[in-house]
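Numbering (my numbering), first residue to last: 100 to 674.
Encoded structure:
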């Protein structure tokens with residue numbers, strides 16, 4: 100009997116290790132499978148077409164850089180909880196087994212925030228990761244889905260990889276699909292599918308561990324203990340960060356469950372738009388004001404963006420990253436240990452962080468929009484903290500922007516400022532910063548779905564004026580132009596050149612106007628107008644942003660002739 104049991108055991112173990120049957124299935128290319136730095140984003144219905152998702156996943160696996168490519172690779176898989184993830188996970192499992200992938204590390208139920216996935220890739224020295232997200236875009240059967248590949252440093256795939264994926268999608272003829280049973284991604288544990296291991300892991304544990312290694316959670320607990328009436332409210336916007344916020348604020352810091360809202364990931368984000376700004380996170384904004392909550396924060400669908408507010412205070416992302424940089428060594432153990440190697444911002448972001456860099460004697464960089472530019476600097480050890488005006492803030496602990504990292508950084512600053520009797524409220528911390536550095540008033544005007552022709556002509560006219568030099572030295576109202584250019588970035592690390600990144604108009608007093616076009620697609624173009632005015636007049640520090648910027652906005656509209664070219668009197672969104 101014992102021998103028979105051994106025979107059966109050895110048979111069953113050899114069965115699990117048997118190489119699976121891989122079917123070769125003919126397919127034809129789909130047009131437009133061109134991923135940007137944020138991956139491929141389309142409507143769910145597009146991804147649901149027969150072989151559409153399969154084609155793109157197979158192209159991604161084939162484009163994995165050498166050495167080795169997909170064969171023998173370890174891949175981190177997860178997403179933001181949006182509609183169609185369960186189906187996409189099964190497709191990825193079948194194609195990965197077909198491509199000879201060695202291991203998949205998958206968040207339970209397919210849940211992994213983008214920062215958590217970046218951390219796992221780095222922690223387990225994975226080959227890369229496939230992220231199922233369309234970030235802050237709405238979800239559900241009639242909305243968006245996305246697939247994005249991250250490389251071994253945990254950051255978004257560079258153009259060399261995304262271009263390769265696109266080239267493969269244009270000529271793909273066959274899919275290699277492993278004949279495997281449906282995989283259970285709901286239960287934590289390890290299973291073997293042929294030669295491939297699938298590890299389903301707790302979605303939040305490794306990320307929480309990372310946060311505890313960066314910040315002083317004892318100091319945070321002490322702050323809440325000595326300030327029992329201090330209330331915070333975190334809005335997960337029914338996106339991926341809900342469970343992370345719950346784990347951090349309720350389980351770790353011992354705060355009441357009422358400190359988190361919309362913390363269950365929903366496949367349609369509860370019908371909302373999971374973008375943390377004053378427009379879409381209005382429920383949080385209203386509650387903070389109405390209930391007198393001390394500190395409010397939100398993150399987006401996939402967890403890489405953040406918004407910070409307080410009673411009567413909104414922190415612009417440009418100010419946020421500057422303030423985090425200012426307090427980094429005083430309030431955050433990670434920077435006390437590792438130092439701050441340099442600061443960076445995207446070109447349209449206000450120059451507030453530059454002022455901190457100058458005062459601290461740090462190198463600082465101005466890069467095009469796109470997180471990979473920060474990643475290059477971080478990998479080279481030249482940037483520790485960075486941010487962009489579109490609600491993205493981060494540091495070199497991972498290679499993606501990180502919403503909850505920024506939230507805990509702010510709580511750490513509040514705890515430190517409180518202990519040192521410097522300030523108590525978000526409003527006080529802002530005013531303290533302005534007193535030391537001056538204030539960079541900043542706003543962004545988005546004109547969405549503008550007719551592409553008019554928008555393009557407007558920018559071409561400005562580019563012509565840059566070339567002819569006719570704008571330099573000209574005065575508009577009280578603003579005299581110091582220089583104008585179309586921003587170009589020479590990457591000091593990989594020596595790549597990024598041209599035509601936006602028209603920059605810089606005035607003699609340091610004020611700036613930036614005009615960028617994005618997405619000249621079938622829905623028309625979006626014109627983004629960024630306006631920044633520096634003030635070191637103490638009487639202005641508490642002024643309303645729009646009022647303070649009005650004289651400059653009027654001149655920006657005059658210089659660009661935006662109304663004349665687009666027919667628009669007012670922006671769609673003001674940030």
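Yeah, the Cβ is synthetic: ideal placement off N, Cα and C, and Gly gets one too.
As the structure is a prediction and not an experimental result, all values here were calculated from the model.
Span separating the alpha-carbon of residue 658 from that of residue 612: Residue numbering aside, residue 658 sits at position 559 when the chain shown is read from its first letter. Residue numbering aside, residue 612 sits at position 513 when the chain shown is read from its first letter. The alpha-carbon atoms of residue 658 and residue 612 are separated by roughly 10 Å.
Identity of the residue in 421, 254, 448, 128 nearest residue 439 by Cα: Numbered from 1 along the chain shown, position 340 holds the residue referred to as residue 439. When only C-alpha atoms are compared, the closest one is 421.
Alpha carbon of residue 377 to alpha carbon of residue 674, nearest angstrom: Against the chain shown, residue 377 aligns to sequence position 278. Against the chain shown, residue 674 aligns to sequence position 575. The straight-line gap from Cα to Cα measures roughly 7 Å.
Cβ neighbours of residue 161 in the same chain (closer than 6 Å, five flanking residues each side left out): Start at 1 with the first residue of the chain shown, and residue 161 comes out as number 62. Correct list, in chain order: 267.
Euclidean distance between Cα positions of residue 334 and residue 140: For the purposes of this step, residue 334 is identified with residue 235 of the chain shown, where counting begins at 1. For the purposes of this step, residue 140 is identified with residue 41 of the chain shown, where counting begins at 1. Those two C-alpha atoms are separated by around 25 Å.
Through-space distance from residue 370 to residue 474, alpha-carbon basis: Residue 474 sits at position 375 when you count from the first residue of the chain shown. Residue 370 sits at position 271 when you count from the first residue of the chain shown. Approximately 33 Å between the Cα atoms of the pair.
Endpoints, alpha helix (DSSP H) assigned at residue 558: Counting from 1 along the chain shown, the entry for residue 558 is found at position 459. It spans 551-567 - the alpha helix (DSSP H) in which residue 558 sits, taken as one unbroken run.
Whole-Å CB distance - residue 449 paired with residue 631, under 8 Å assumed: Numbered from its first residue, the chain shown carries residue 449 at position 350. Numbered from its first residue, the chain shown carries residue 631 at position 532. Going by Cβ atoms, the distance from residue 449 to residue 631 rounds to 5 Å, so yes, they are a contact pair.
Beta-carbon gap between residue 394 and residue 331 smaller than 7 Å: Your numbering for residue 394 matches position 295 in the chain shown. Your numbering for residue 331 matches position 232 in the chain shown. Yes, Cβ-Cβ distance for residue 394 and residue 331 is below 7 Å.
Rounded Cβ spacing between residue 529 and residue 414 (contact assumed at less than 8 Å): Stepping through the chain shown from its first residue, residue 529 is reached at position 430. Stepping through the chain shown from its first residue, residue 414 is reached at position 315. Between residue 414 and residue 529 the Cβ distance is about 7 Å, and since that is below 8 Å, they are a contact.
Residue 246 to residue 431 span [Cα, whole Å]: Working through the chain shown from its first residue, we reach residue 246 at position 147. Working through the chain shown from its first residue, we reach residue 431 at position 332. Each residue's alpha carbon lies about 34 Å from the other.
Segment contact flag, the region 219-229 with the region 172-180, C-beta cutoff 8 Å, min 3 pairs: yes
Check whether residue 615 and residue 603 have beta carbons under 7 Å apart: Residue mapping note: residue 615 aligns to position 516 of the chain shown, counting from 1. Residue mapping note: residue 603 aligns to position 504 of the chain shown, counting from 1. Contact: no.
Residue 538 and residue 486 closer than 7 Å at C-beta: Walking along the chain shown from the start, residue 538 turns up at place 439. Walking along the chain shown from the start, residue 486 turns up at place 387. No, the Cβ-Cβ distance between residue 538 and residue 486 is not below 7 Å.
Residue 607 to residue 211 span [Cα, whole Å]: Position 508 of the chain shown, counted from the start, is the residue given in the question as residue 607. Position 112 of the chain shown, counted from the start, is the residue given in the question as residue 211. Between residue 607 and residue 211, the C-alpha separation is close to 46 Å.
Cβ-based burial, residue 491 [other Cβ within 10 Å; buried from 16]: Here residue 491 refers to the residue found at position 392 when the chain shown is read from its first residue. Buried: at least 16 other Cβ atoms inside 10 Å.
Span of the beta strand (DSSP E) around residue 300: In the chain shown, counting from the first residue as 1, residue 300 sits at position 201. Where residue 300 is concerned, the enclosing beta strand (DSSP E) stretches over 295-300.
For residue 209 and residue 133, the rounded distance between their alpha carbons: Within the chain shown, residue 133 is the residue found at index 34, counting from 1. Within the chain shown, residue 209 is the residue found at index 110, counting from 1. If I take the Cα positions, the gap works out to 24 Å.
Boundaries (first-last residue) of the alpha helix (DSSP H) holding residue 473: Stepping through the chain shown from its first residue, residue 473 is reached at position 374. Per DSSP, residue 473 belongs to the alpha helix (DSSP H) from 470-478.
Cα-Cα separation between residue 623 and residue 557, rounded to whole angstroms: By one-based count along the chain shown, residue 623 stands at place 524. By one-based count along the chain shown, residue 557 stands at place 458. Roughly 14 Å separates the two Cα atoms.
Cross-strand partners of residue 203 (DSSP beta bridge): Translated into the one-based positions of the chain shown, residue 203 becomes position 104. DSSP, once it has assigned bridges, lists 174, 297 as partnering residue 203.
Rounded C-alpha distance that separates residue 619 from residue 464: Locating residue 619 in the chain shown gives position 520, counting from the first residue. Locating residue 464 in the chain shown gives position 365, counting from the first residue. A caution first: residue 619 carries a pLDDT of 43, below 50, which makes its placement in the model unreliable, though a value can still be read off. Roughly 28 Å between the two C-alpha positions.
Meets three-Cβ-pair contact criterion under 8 Å: the region 227-247 and the region 137-154: yes
Per-residue burial, residue 118 [other beta carbons within 10 Å of its own, 16 or more giving buried]: Counting from 1 along the chain shown, the entry for residue 118 is found at position 19. Classification of residue 118: exposed, given that the 10 Å Cβ count is below 16.
Member of 476, 228, 260 whose CA lies at the smallest distance from the CA of residue 253: As a position in the chain shown, residue 253 is number 154, starting the count at 1. Selected option, being the one with the closest Cα: 228.
Nearest residue (CA-CA) to residue 655, options 187, 587, 570: Here residue 655 refers to the residue found at position 556 of the chain shown. Ranking 187, 587, 570 by Cα distance to residue 655 puts 570 first.
Inter-residue spacing [alpha-carbon to alpha-carbon] between residue 408 and residue 170: The count along the chain shown starts at 1 and reaches residue 408 at position 309. The count along the chain shown starts at 1 and reaches residue 170 at position 71. One C-alpha to the other measures close to 47 Å.
Residue burial classification, residue 234 (beta-carbon count within 10 angstroms, cutoff 16): Locating residue 234 in the chain shown gives position 135, counting from the first residue. Residue 234 comes out buried.
Extent of the continuous alpha helix (DSSP H) run through residue 433: For the purposes of this step, residue 433 is taken as residue 334 along the chain shown, with counting starting at 1. From DSSP, the alpha helix (DSSP H) with residue 433 extends over 432-437.
Helix, strand or coil at residue 667 according to DSSP, with G and I counted as helix: What you label residue 667 is simply residue 568 of the chain shown in a count that begins at 1. It is coil, neither helix nor strand.
Residue 600, buried or exposed, once every other Cβ within 10 Å from all chains shown has been counted against 16: What you label residue 600 is simply residue 501 of the chain shown in a count that begins at 1. Buried is the call here.
Check whether residue 340 and residue 402 have beta carbons under 7 Å apart: On the chain shown, residue 340 is found 241 positions in, with the first residue counted as 1. On the chain shown, residue 402 is found 303 positions in, with the first residue counted as 1. Against a cut-off of 7 Å, the Cβ pair of residue 402 and residue 340 comes out as a contact.
Buried versus exposed, by CB contacts within 10 Å (16 or more), residue 696: The question about residue 696 has no answer, for the chain in this structure spans 100 to 674.
Beta-ladder partner(s) of residue 442, from DSSP: Numbered from its first residue, the chain shown carries residue 442 at position 343. BP columns for residue 442 point to 463, 484.
Other residues of its chain near residue 617: CB distance less than 8 Å, five sequence neighbours each side excluded: What you label residue 617 is simply residue 518 of the chain shown in a count that begins at 1. Contacts found: 624, 625, 627.
Residue(s) in a DSSP beta bridge with residue 672: What you label residue 672 is simply residue 573 of the chain shown in a count that begins at 1. Per DSSP, 545.
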